[in-house]
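One structure is given here, and the rest of the page talks about it.
Number of protein chains: 2
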Amino acid sequence: MSHYNAGVTSTDPRSTRSRTAILTAARALLLKEGPAAVTHQRVAQEAGIGRATVYRHWARPEQLLLAAMSGSDLPHFRDPATPIRPWLHDQLRALATEMELPEVAAVTLTLMQGAVWNPEIADQRDHATATVTTRLGAALDIAVESGELATRVDPTDATSILIGPLVYRTTMQAGSVTDALIDSLLDAVGFRR
Amino acid sequence: MSHYNAGVTSTDPRSTRSRTAILTAARALLLKEGPAAVTHQRVAQEAGIGRATVYRHWARPEQLLLAAMSGSDLPHFRDPATPIRPWLHDQLRALATEMELPEVAAVTLTLMQGAVWNPEIADQRDHATATVTTRLGAALDIAVESGELATRVDPTDATSILIGPLVYRTTMQAGSVTDALIDSLLDAVGFRR
DNA sequence: CATCTATGAGTCAACTTGTCTCACAGTGAG
DNA sequence: CTCACTGTGAGACAAGTTGACTCATAGATG
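Residue numbers (this note's numbering), protein chains in the order written: chain A, 1 to 193; chain B, 194 to 386.
See the structure below:
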């Protein structure tokens, strides 16, 4: 009885339908009005379902926000292709293009900010960060093996050097990422043009 | 009658005292529990003053949050000293050390996130960003003149390359900034070791 | 068809929000 | 020192929100 949280399977189509509607509504609200708008009442209203149903699925508001965010997963930096430099350029370009979308920036910033006070959100952030670092590290290893990179760079440093400026440009400077900037970043981790 | 907003002078010591108490309490709440906790009621409680008084000074919650954030100003990248590279290294080190403090990270992220949905916060963010870019640009110009930099770098790009990774490291990777990372960034904008 | 069970609608107390009133004490001019 | 002024705290107030509950019902499952 009571509440079965995220991750628990419920094959009942009614459950699934409610869940989907709730998550869709929660994400829409997050994008339109920010995390403060993701309340049980607003979500229920937006989803066109009963308020009690939202409580049944996600008892606490933060769980609701967390679930709304975890929808957007990052398919970046998978399957490195040689030569690494052009492949990495493409990947960074794709990431930058996504970060320029308000909905992606919104989720990213909510994740970054929420992590300061909410340990569960911090876990989700750490997981996302670790995934990117691992994948980038694998790609850089290949670059070292194939001779594209002279020295091995610390993957954590490389990640912050490559992705940090993209995040800064799209969120703080509210601008778009140029190819010239991406090239500078690739130079910075040791790639030759 | 009604509300006199921030910027309006009121020489009455009682006003000043209330204002100070409110801002102190608002900042403390922002640090401890995040922007959602910065409400009129919580601030009044924290400051030990009447709830109505908070309304009198800042009628809307977002103004309250904005006022709480605008307290922390950035004294970074002022007065460039030659040679630029070691000076810039010191400045980035100082900025990184500050960003590692939870209270500074909290304000920065609140600014970044709030800017997505609140135009006034976006203005404040843009002002902070423009200031940093201008100062960094001035320092880089000096470096070009004195021969430390071979080519002139776009100040906006340089800012994202230098500061982006620091922000990423301290907020996404939840780690500390090493001198080696700072050196890599200085290399990336064209400085020689 | 008969039995579950998730849902929507509704009720309810506790709390929050924004506004207003009023007695009072700190302030500053005469 | 006295007095008019004004910002403040306490409280009242309606409107709205929150989280927890009940219950009839429609949809799902065997």
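No residue lacks a Cβ here, since even glycine has one placed at the ideal position from N, Cα and C.
Output the distance between the C-alpha atoms of residue i and residue j, rounded to the nearest integer angstrom.
i, j, result
"L267 (chain B)", "L136 (chain A)", "33 Å"
"T156 (chain A)", "T352 (chain B)", "20 Å"
"Q317 (chain B)", "W280 (chain B)", "27 Å"
"M305 (chain B)", "M172 (chain A)", "6 Å"
"P83 (chain A)", "E46 (chain A)", "47 Å"
"T133 (chain A)", "W58 (chain A)", "31 Å"
"I335 (chain B)", "D347 (chain B)", "14 Å"
"R385 (chain B)", "R193 (chain A)", "18 Å"
"P80 (chain A)", "A139 (chain A)", "6 Å"
"R253 (chain B)", "V231 (chain B)", "11 Å"
"D372 (chain B)", "T363 (chain B)", "14 Å"
"P119 (chain A)", "L342 (chain B)", "44 Å"
"G307 (chain B)", "I163 (chain A)", "21 Å"
"L185 (chain A)", "A323 (chain B)", "22 Å"
"A237 (chain B)", "Y168 (chain A)", "35 Å"
"I314 (chain B)", "A106 (chain A)", "15 Å"
"H3 (chain A)", "H76 (chain A)", "Only weak support is given to the placement of H3 (chain A): the predicted model assigns it a pLDDT of 34, under 50, and the value that follows is read from those uncertain coordinates. Cα to Cα, H3 (chain A) sits roughly 34 Å from H76 (chain A)."
"T53 (chain A)", "W310 (chain B)", "28 Å"
"Q91 (chain A)", "D187 (chain A)", "15 Å"
"I101 (chain A)", "R210 (chain B)", "The amino acid occupying residue 101 (chain A) in the given sequence is Leu; Ile does not appear at that position. Taking the straight line from one Cα to the other gives about 44 Å."
"H282 (chain B)", "G241 (chain B)", "43 Å"
Mind checking residue i: buried by the 16 CB within 10 Å criterion, or exposed?
i, result
"H320 (chain B)", "exposed"
"L66 (chain A)", "buried"
"G50 (chain A)", "exposed"
"R220 (chain B)", "buried"
"S146 (chain A)", "exposed"
"R428 (chain B)", "Residue 428 (chain B) lies beyond the residue range present for chain B, which begins at 194 and ends at 386; the question has no answer from this structure."
"Q234 (chain B)", "exposed"
"P358 (chain B)", "buried"
"L223 (chain B)", "buried"
"P35 (chain A)", "buried"
"A287 (chain B)", "exposed"
"R14 (chain A)", "exposed"
"G71 (chain A)", "exposed"
Only counting runs of 4 or more residues, tell me where the alpha helix (DSSP H) segments fall wholly within the stretch 233-261 of chain B, in order along the chain. Runs of the alpha helix (DSSP H) inside the stretch 233-261 of chain B: 233-240, 244-250.
With 7 Å as the limit, tell me which residues of the stretch 136-165 of chain A have their beta carbon closer than that to any beta carbon of chain B; keep them in chain order. Within the stretch 136-165 of chain A, the qualifying residues are T156, D157, S160, I161, I163, G164, P165.
Proximal residues, the stretch 94-110 of chain A versus chain B, C-beta separation under 8 Å: Correct list: P102, A105, A106, L109, T110.
Threshold first: 4 residues or longer. Then list the alpha helix (DSSP H) segments lying entirely within the stretch 344-386 of chain B, N to C. With a minimum length of 4 residues, the continuous alpha helix (DSSP H) runs that stay inside the stretch 344-386 of chain B are 348-360, 372-381.
Segments of 3+ residues assigned as beta strand (DSSP E) that fall wholly inside the stretch 67-109 of chain A: The DSSP assignment places no complete beta strand (DSSP E) segment of no fewer than 3 residues inside the stretch 67-109 of chain A.
Which runs of the alpha helix (DSSP H) fall wholly inside the stretch 298-342 of chain B and span at least 4 residues, in chain order? Runs of the alpha helix (DSSP H) lying entirely within the stretch 298-342 of chain B, each at least 4 residues long, are 312-338 in chain order.
Chain A contacts made by the stretch 209-242 of chain B, where a contact means CB separation under 7 Å: Taking 7 Å as the Cβ-Cβ cut-off against chain A, the residues of the stretch 209-242 of chain B that qualify are E226, G227, A229.
When Cβ atoms are compared, which residues of the stretch 66-78 of chain A fall closer than 7 Å to chain B? So the list is empty, because no residue satisfies the distance condition.
What residues in the stretch 304-322 of chain B bring their beta carbon closer than 9 Å to a beta carbon of chain A? Within the stretch 304-322 of chain B, the residues whose Cβ lies closer than 9 Å to some Cβ of chain A are L304, M305, Q306, G307, A308, V309, W310, N311, A315, R318, D319, A321, T322, listed in chain order.
Residues from the stretch 359-370 of chain B in contact with chain A, defined by Cβ distance under 9 Å: Within the stretch 359-370 of chain B, the qualifying residues are L359, V360, Y361, R362, T364, M365, Q366, A367, G368, V370.
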